[in-house]
Amino acid sequence: MRVIFILLLATSVSCAQSTTMKKSIHTFTVEDINGNPFSLESLKGKKVMIVNTASKCGLTPQYEKLEALYQQYKDQNFVIVGFPANNFMWQEPGSNDDIKAFCEKNYGVSFPMMSKISVKGKNQHPLYAFLTKQQQNGVQDSSVKWNFQKYLIDENGFLVDVVSPRTQPNDPAILRWLTSS
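FYI, our numbering numbers position 143 of the sequence shown as 617, with every residue one higher than the one before it.
The structure is reproduced here in C-alpha cells:
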C-alpha cells in the first residue's frame, strides 16, 4: 500500500510539473505605446506574431509587409504585436511618441504597438524571457538575433516557432502557418 501511495504521489508531482512547465503569453500584461496596460489575455483565440521593431534599421521596411499581412488576416483571428527595442546598434533611439508617429506616417501601422522594451540582456522584458527560454515557453530556447525577429504564437497563447529577422512577413512558411487550422 505504501509503494502504491509513493507511486501515485510521484506521478501527480510529475504531472503537475509538466503542466506548469508550459505557460502561455496570455498570462502577461504589457504596456502599449500610449502607456496603457495591454493584457495579452485579450488575444485568446487568435494567432499572434510578436515582432521586435526598430525605426532606423535596414529591415525597417518590413513594417510595410507586416501592415499588409495584418490588413489581410486581421479579420481571421490574427494579430501582429510590435515591440520597439533599442538593443541592436541603437536603431530605435526615439521615445514612444516618436516611434508611434514614425510608424503611422511612414508605414500606416495600425496593428498594436507596445512601449519600447529591452528584448535581451540584463533588462530583458519578462515576455521576451518567456519567448526565449524553453524552461518558460516549453518549446525551445532562442536568442533575439536582430530587429524584426518574429515569434509565432498559436490561438492558445503557446509558442509555435521563431522566425529569423531577415525572413519577410509574407514568407510562404508564415503564410502556411497563418492559414492552417
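Where is the CB? At the ideal position from N, CA and C, for every residue including glycine.
For residue i, the three-state DSSP class (helix, strand or coil)
i    : result
E629 : coil
A603 : helix
N611 : helix
N510 : coil
E566 : coil
T501 : helix
T653 : helix
S486 : For S486, the predicted model reports a pLDDT of 47, less than 50, meaning its position is unreliable; a value from the coordinates is still stated below. DSSP places S486 in helix when its eight states are reduced to three.
P639 : coil
N580 : helix
S492 : Low local confidence applies: a pLDDT of 44 at S492 is under 50, so the model's placement there is unreliable, with the coordinate-based value given in what follows. Helix at S492.
A559 : strand
K624 : strand
K521 : strand
Supposed close pair residue i, residue j - CB separation, criterion 8 Å
i    : j    : result
K607 : D615 : 6 Å
I601 : V525 : One point to set straight first is that residue 601 is Leu, not Ile, in the sequence displayed. Not a contact, Cβ separation roughly 12 Å.
Q642 : K539 : 6 Å
T659 : G556 : Past the boundaries of the shown model lies residue 659; the chain is included only from 475 to 655, so the question cannot be answered.
I648 : N570 : Not confirmed; about 27 Å, so no contact.
P639 : W651 : The Cβ separation is near 17 Å, so there is no contact.
K520 : N551 : 5 Å
Residue i and residue j closer than 7 Å at C-beta
i    : j    : result
I591 : V522 : no
Y581 : Y547 : no
V583 : E541 : yes
Q610 : F604 : yes
Heavy atom of the ligand ZN within 6 Å of residue i beta-carbon
i    : result
T653 : This structure lacks the ligand ZN; in fact it carries no ligand of any kind.
Proximal residues to residue i (C-beta, below 6 Å), its chain only, five neighbours per side dropped
i    : result
Y544 : I554, F585
K574 : I507
F576 : S529
V634 : L626, D628
F632 : S498
Same chain only: Cβ atoms within 7 Å of residue i, ignoring 5 sequence neighbours per side
i    : result
C489 : Reliability of the predicted coordinates at C489 is poor, the pLDDT of 46 falling under 50, and the value obtained from them is presented with this limitation in mind. Answer for C489: no residue qualifies.
S589 : E505, D506, I507, G509, N570
8 Å CB neighbourhood of residue i in its chain, flanking five on each side removed
i    : result
D645 : V637
Are the region 508-520 and the region 556-565 touching by the rule of at least three beta carbon pairs closer than 8 Å? no
Three or more C-beta pairs under 8 Å: does that hold for the region 530-538 against the region 495-511? no
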